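Using my numbering, read the sequence shown as starting at 36 and increasing by one per residue.
Virtual Cβ for every residue (Gly too), placed ideally from N, Cα, C.
Quantities reported herein were computed from a predicted structural model and do not represent experimental measurements.
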Amino acid sequence: MNWLDMPVDATAKAVAAGEVRATELARLALGEIRRWEHGPEGLNAFISYSLEHAEAAVAFSSGMAATTAAILSHTTGAGKRHIVAVRPLYGGTDHLLDSGLLGAEVTFCDEDQVGDSIRPDTGLIVLETPANPTLDLVDIAAVVAQAQGVPVMVDNTFATPLLQNPLDLGAAMSLHSATKYIGGHGDVIAGVIACSEQTAQQLRRVRAITGALLHPLGAYLLHRGLATLPVRLQAQQSNARALIAKLRDNPAVAEVFYPELDDVRGIVGRQMRGRGAMIAVRLAGGYAAAEALTGSVRLFTHAVSLGGVDSLIQHPAALTHRPVAAEARPGADIVRLSIGLENVDDLLADLEQALARAQSVVATV
């Protein structure tokens with residue numbers, strides 16, 4: 036029997052008989068140790084019931100491992116060969132689908148073309164909202180209405196479970212690269228899918244066969260991250276909104292991408308409970324400006340990943356979306372920002388000096 040589940044009188048007798056030390060029981064009672072002992076399964080329960088309103092959740096060794104399991108379980112594992120994918124998507128997901136590596140045929144389309152793209156052998160519909168990197172918004176309920184019963188998987192990484200719950204809107208799976216906001220500190224790689232128990236059983240099978248299990252230490256770090264997710268995201272979102280006002284007025288910036296901007300369908304407020312902390316900008320000076328901006332920041336870190344306490348900047352066309360087909364690849368003039376917890380005035384000062392540097396470089400070209 037697990038000592039944590041023993042009644043008090045039985046525990047006392049076990050200590051008296053020398054079967055377990057009192058110090059061990061005290062250690063196991065600590066919240067940090069309980070998170071370690073329960074590991075991935077405790078994490079799954081918390082995310083599924085408390086955050087994503089799902090029957091179950093399955094943790095994986097990475098977000099791409101989770102994506103792979105979802106694809107395999109709904110295509111090869113279900114006797115289907117076709118997937119419908121709404122672009123834009125995270126570069127790794129797009130490339131995995133487009134490569135045909137997992138044996139599935141893919142039809143890429145816009146949100147309003149999903150219904151016309153479905154075939155009798157379609158096993159899965161994949162979308163991401165807000166989408167990486169330009170924060171495009173997809174109406175999840177509208178896609179589900181077109182799905183004709185085909186399961187819909189939503190990459191919910193940018194929104195987090197705090198701002199959006201795809202299963203409440205009819206999606207079959209809500210996927211998270213838990214490396215990002217759920218972990219929150221840039222020190223763990225993991226993925227999670229919230230879904231029904233029936234779907235979870237299929238995912239666990241693929242997870243076991245492909246060796247994609249999450250290490251207990253990774254689960255512990257995700258538990259730690261979840262404890263501060265609400266306060267982190269609130270502060271990050273506040274910083275992002277303060278930066279947007281300044282970025283839109285900067286002459287080096289041609290366009291700002293953020294969920295509340297140009298949201299003519301009212302998805303923020305109807306589907307999302309907040310706007311998040313990811314920003315993308317189109318620079319007036321093209322690729323030269325993007326290269327100069329990412330190379331001139333001092334407080335922002337030029338790196339991939341996102342959602343952590345540290346602010347990051349990266350050039351999608353050259354990094355995360357480099358493998359994406361040319362017709363779907365983000366423009367060379369687009370830069371993505373993940374806003375962290377630093378002082379917002381310091382973040383603004385860093386961006387302003389880097390943007391000024393980018394302007395001066397373009398002027399000399």
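* For G98 versus L198, is the C-beta distance shorter than 8 Å? -> No, the pair does not count as a contact, with Cβ atoms beyond the cut-off.
* Whose C-alpha, out of N79, G221 and D190, is nearest the C-alpha of A207? -> Checking every option, the nearest Cα to that of A207 belongs to D190.
* Asked: Counting pairs of beta carbons, one from the stretch 168 to 187 and one from the stretch 323 to 336, are three or more of them closer than 8 Å?
  -> Segments in contact, no.
* Identify the continuous beta strand (DSSP E) that holds D190 and give its terminal residues. => V187 to D190 is the span of the beta strand (DSSP E), which, as asked, contains D190.
* With 16 as the cutoff for other CB atoms within 10 Å, does G407 come out buried or exposed? -> In the structure displayed, the chain extends from 36 to 400; residue 407 sits before or after that span and is not available.
* To do: Can you check DSSP and say which residues form a bridge with T336?
  => In DSSP, T336 forms a bridge with L347.
* First and last residue of the uninterrupted beta strand (DSSP E) at E290 -> Note, E290: beta strand (DSSP E), V288 to F292.
* In angstroms with no decimal places, state the Cα-to-Cα distance between A176 and Y255. => The straight-line gap from Cα to Cα measures roughly 34 Å.
* Asked: When the distance is taken between beta carbons, is R267 closer than 8 Å to G219?
  -> Between G219 and R267, the C-beta gap is smaller than 8 Å, which places the two residues in contact.
* Could you say if the stretch 239 to 249 and the stretch 132 to 149 meet the contact criterion of at least three C-beta pairs nearer than 8 Å? => With a cut-off of 8 Å, the stretch 132 to 149 and the stretch 239 to 249 do not count as touching, because too few Cβ pairs lie within range.
* In its own chain, which residues sit with a C-beta less than 6 Å from the C-beta of T192, not counting the 5 before and 5 after it? -> Cβ within range, chain order: H211, S212 and K215.
* **CA nearest to the CA of L383, picked from A101, V223, P265 and A275** => L383 has its Cα closest to that of A275, out of A101, V223, P265 and A275.
* Asked: In the stretch 216 to 286, which residue ranges form an unbroken alpha helix (DSSP H) of at least 4 residues, counting only runs that do not cross its ends?
  -> Here the runs fully enclosed are 232 to 245 and 251 to 283.
* **C-beta atoms of P294 and L170 nearer than 8 Å** => Against a cut-off of 8 Å, the Cβ pair of L170 and P294 comes out as a contact.
* Quick one: complete beta strand (DSSP E) runs, 3+ long, within the stretch 84 to 132? -> Counting only runs of at least 3 residues, the stretch 84 to 132 fully encloses the following beta strand (DSSP E) elements, listed from N- to C-terminal order: 91 to 95 and 117 to 121.
* Asked: Does the Cβ-Cβ distance between A92 and A229 come in under 8 Å?
  -> In this structure, A92 sits near A229, with a CB-CB distance shorter than 8 Å.
* Pairwise C-alpha distance: L372 and D297 -> Going by the C-alpha atoms only, they are around 19 Å apart.
* Asked: Leaving out the 5 sequence neighbours to the left and right, which residues in its chain are closer than 7 Å to L341 when beta-carbon positions are compared?
  -> So the list reads K215, M313, L347 and S373, once near-sequence residues are dropped.
* **Contact belief for I118 with T110 at Cβ below 8 Å, rounded distance in angstroms** => Right, the Cβ-Cβ distance comes to about 7 Å (below 8 Å), so this counts as a contact.
* To do: For R154, I'd like the list of residues in its chain whose CB is within less than 7 Å of its CB, leaving aside the five on either flank, ordered along the chain.
  => Hits under 7 Å: H117.
* Starting from A180, trace the beta strand (DSSP E) both ways and give me its first and last residue. => Not the beta strand (DSSP E): A180 falls in the alpha helix (DSSP H), residues I175 to Q181.
* Please classify V303: does DSSP put it in a helix, a strand, or coil? => Under the three-state reduction of DSSP output, V303 falls in the helix class.
* D129 burial status per 10 Å Cβ neighbour count (16 or more: buried) -> Buried, because 16 or more other Cβ atoms sit within 10 Å of the Cβ of D129.
* Burial state of N167, where buried means 16 or more other Cβ atoms lie within 10 Å -> Per the 10 Å Cβ criterion, buried.
* Asked: Is L382 helix, strand or coil by DSSP?
  -> Of the three classes helix, strand and coil, the one that applies to L382 here is helix, per DSSP.
* For the beta strand (DSSP E) that G158 lies in, which residues bound it at each end? -> Taken as a continuous stretch (DSSP letters only), the beta strand (DSSP E) holding G158 covers T157 to E163.
* Would you list the residues sitting across from H356 in a DSSP beta bridge? => DSSP, once it has assigned bridges, lists no residue as partnering H356.
* Can you name, in chain order, every residue of its own chain whose Cβ lies under 8 Å from the Cβ of R239, other than the five neighbours on each side? -> V93, listed in sequence order.
* To do: Classify T214 as helix, strand or coil using the three-state DSSP reduction.
  => It is coil, neither helix nor strand.
* Locate the alpha helix (DSSP H) running through T169, then write down its first and last residues. => Per DSSP, T169 belongs to no alpha helix (DSSP H) and is neither H nor E.
* To do: Consult DSSP for L78 and reduce its assignment to one of helix, strand or coil.
  => Three-state DSSP puts L78 in a helix.
* In terms of residues, what are the limits of the alpha helix (DSSP H) holding A323? -> Element bounds for A323: G321 to S331.
* Asked: Since V198 is in the alpha helix (DSSP H), which residue starts that stretch and which ends it?
  -> The sequence as given places Leu at residue 198; Val does not occur at that position. Membership of L198 in the alpha helix (DSSP H) is indicated by the continuous run T195 to L198.
* To do: Given a cut-off of 8 Å, decide if G304 and A393 are closer than it, judged by their beta-carbon atoms.
  => Result no, Cβ atoms of A393 and G304 do not sit closer than 8 Å.
* Segment limits, beta strand (DSSP E) that includes I374 -> Taken as a continuous stretch (DSSP letters only), I374 belongs to no beta strand (DSSP E), as it is neither H nor E.
* Leaving out five residues on either side along the sequence, give the residues of the same chain with a beta carbon under 7 Å from the beta carbon of P358. => Here the set comprises G126 and H130.
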